[in-house]
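Protein chains in written order, with the working numbering: chain A, 16 to 133; chain B, 16 to 133.
For glycine and all other residues, C-beta sits at the position ideal for the given N, C-alpha and C.
Below is one structure, written out as structure tokens; the observations come after it.
2 protein chains.
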Amino acid sequence: MYTRKIADDPDCGLYLAMRVLGGKWKCCILDAIRRGMTRPSEITRSISEASPRVIEMQLAELLYFGMIEKSQDNETEYPKRSEYRLTPLGESLLPILAQIDAWGLAHQAEIQERLAEI
Amino acid sequence: MYTRKIADDPDCGLYLAMRVLGGKWKCCILDAIRRGMTRPSEITRSISEASPRVIEMQLAELLYFGMIEKSQDNETEYPKRSEYRLTPLGESLLPILAQIDAWGLAHQAEIQERLAEI
DNA sequence: CGGCATACCGAATCTTTTATCGGTTATTGT
DNA sequence: ACAATAACCGATAAAAGATTCGGTATGCCG
Chain A
16 MYTRKIADDP
26 DCGLYLAMRV
36 LGGKWKCCIL
46 DAIRRGMTRP
56 SEITRSISEA
66 SPRVIEMQLA
76 ELLYFGMIEK
86 SQDNETEYPK
96 RSEYRLTPLG
106 ESLLPILAQI
116 DAWGLAHQAE
126 IQERLAEI
Chain B
16 MYTRKIADDP
26 DCGLYLAMRV
36 LGGKWKCCIL
46 DAIRRGMTRP
56 SEITRSISEA
66 SPRVIEMQLA
76 ELLYFGMIEK
86 SQDNETEYPK
96 RSEYRLTPLG
106 ESLLPILAQI
116 DAWGLAHQAE
126 IQERLAEI
């Protein structure tokens, strides 16, 4: 987990939400879990563009913020078979994620056109 | 405008939307414009925690992605009195932004508690 | 036994983003 | 005339974030 050196605390819901969701793959991870991928290896494979280490780190952050929960934390049992699931807090975000996703897809062409020129 | 060295193009609406919206203050800027602040100086003052330079840069990016439009681009006229307004594309995001904002505020206490411990 | 898989963590390195500072241009106020 | 304001831009410093690589622990399969 990264730690920031610069403080910031605006009472802006957008800002707060972005602090929780703002990571290269956090939304995609939540979406993968929603689609039924509970195990880390599954999630990692489903987002093959991302480096596995980032998935690990972002899973840890989502866990820290209470968006997901981890079962099978039994350290002595092998093979480790962790499973991540959405908490009520995480679930409460699903309708919004669905809308963001729909918006992104609806404007995919325009966005990618712009991204291509950067 | 920064240019990335690492390519990425997943057909994931969430990812695309985050590329457009993912910036420390982009959502807040859109919200400020929605609330009626059209001039750069107003926007900057309304988000006093942010550095003015970042607001400028993120305004430029929102403009680039067609989320906002700029009037008074007359370079020879002084004092410059630019005004930024939401485009239809930007407006189409407002309902979603409102929901994200509401979510962030609804969970403000939990989120800030976590942020404080980082 | 050797190699593979799972689930992690730590650290070095590199990229991306944000912050800081100074400069430009021209009008308005004192 | 001088300071202030507005709306920028460019360069550089600093911070945040992502990637890469290697290591841990253990069980399974041939």
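Put residue i into one of helix, strand or coil per three-state DSSP.
| i | result |
| --- | --- |
| K39(A) | coil |
| R50(A) | coil |
Among the options, which residue has its Cα nearest to the Cα of residue i?
| i | options | result |
| --- | --- | --- |
| S135(A) | R96(B), M52(B) and A117(B) | Here chain A has residues from 16 to 133 only, and residue 135(A) is not among them. |
| G28(B) | S56(A), G105(A), L45(A) and Q123(A) | Q123(A) |
| R100(A) | G38(A), L36(A) and M52(A) | M52(A) |
| G96(A) | I115(A), R54(A), D26(A) and P110(A) | Checking the displayed sequence, the identity of residue 96(A) turns out to be Arg instead of Gly. Ranking I115(A), R54(A), D26(A) and P110(A) by Cα distance to R96(A) puts R54(A) first. |
| A75(A) | G119(A), V35(A) and A131(A) | V35(A) |
| D134(B) | E132(B), A121(B), I62(B) and I126(B) | Because chain B in this structure spans residues 16 to 133, residue 134(B) falls outside the shown range and cannot be described. |
| L109(A) | R60(A), E132(A), R50(A) and A121(A) | R50(A) |
| Y30(A) | E71(B), E132(B), D26(B) and L120(B) | L120(B) |
Below 8 Å CB to CB, which residues in the same chain sit around residue i once its five sequence neighbours on both sides are set aside?
| i | result |
| --- | --- |
| T102(A) | G81, M82, I83 and E84 |
| K39(B) | A65, V69 and Q73 |
| I115(A) | C42 |
| L78(B) | E84, K85 and Y99 |
| A48(B) | Just to set this straight, residue 48(B) is Ile in the shown sequence, not Ala. Same-chain partners within the cutoff: I58, I83, Y99, R100, L101 and G105. |
| L112(B) | C42, L45, D46 and R49 |
Less than 7 Å between C-beta atoms, sequence neighbours within five positions excluded: which residues of the same chain meet that for residue i?
| i | result |
| --- | --- |
| L104(B) | G81 and M82 |
| P67(B) | T59 |
Residues in the same chain with beta-carbon distance under 6 Å from residue i, minus the five sequence neighbours each way, listed in chain order, please.
| i | result |
| --- | --- |
| A32(A) | none |
| E132(A) | none |
| E125(A) | none |
Point to revise | Minimum length 3: unbroken beta strand (DSSP E) runs contained in the segment 52-131 of chain A | key: 83-86 and 98-101
Practice item. Note down, in chain order, all residues in the segment 31-63 of chain B with a beta-carbon under 7 Å from any beta-carbon belonging to chain A. Key: L31, A32, M33, R34, V35, G37, C42, C43 and D46
Practice item. Determine which residues of the segment 97-111 of chain B have a Cβ less than 9 Å from any Cβ of chain A, and write them out in chain order. Key: L104, S107, L108, P110 and I111
Check your understanding: Using a beta-carbon distance cut-off of less than 8 Å, what residues from the segment 71-87 of chain A approach chain B?
Key -> Y79, F80 and G81
Review point. Going along the chain, which residues of the segment 111-123 of chain B sit with their C-beta nearer than 7 Å to a C-beta in chain A?
Key: I111, L112, Q114, I115, D116, A117, W118, G119, L120, H122 and Q123
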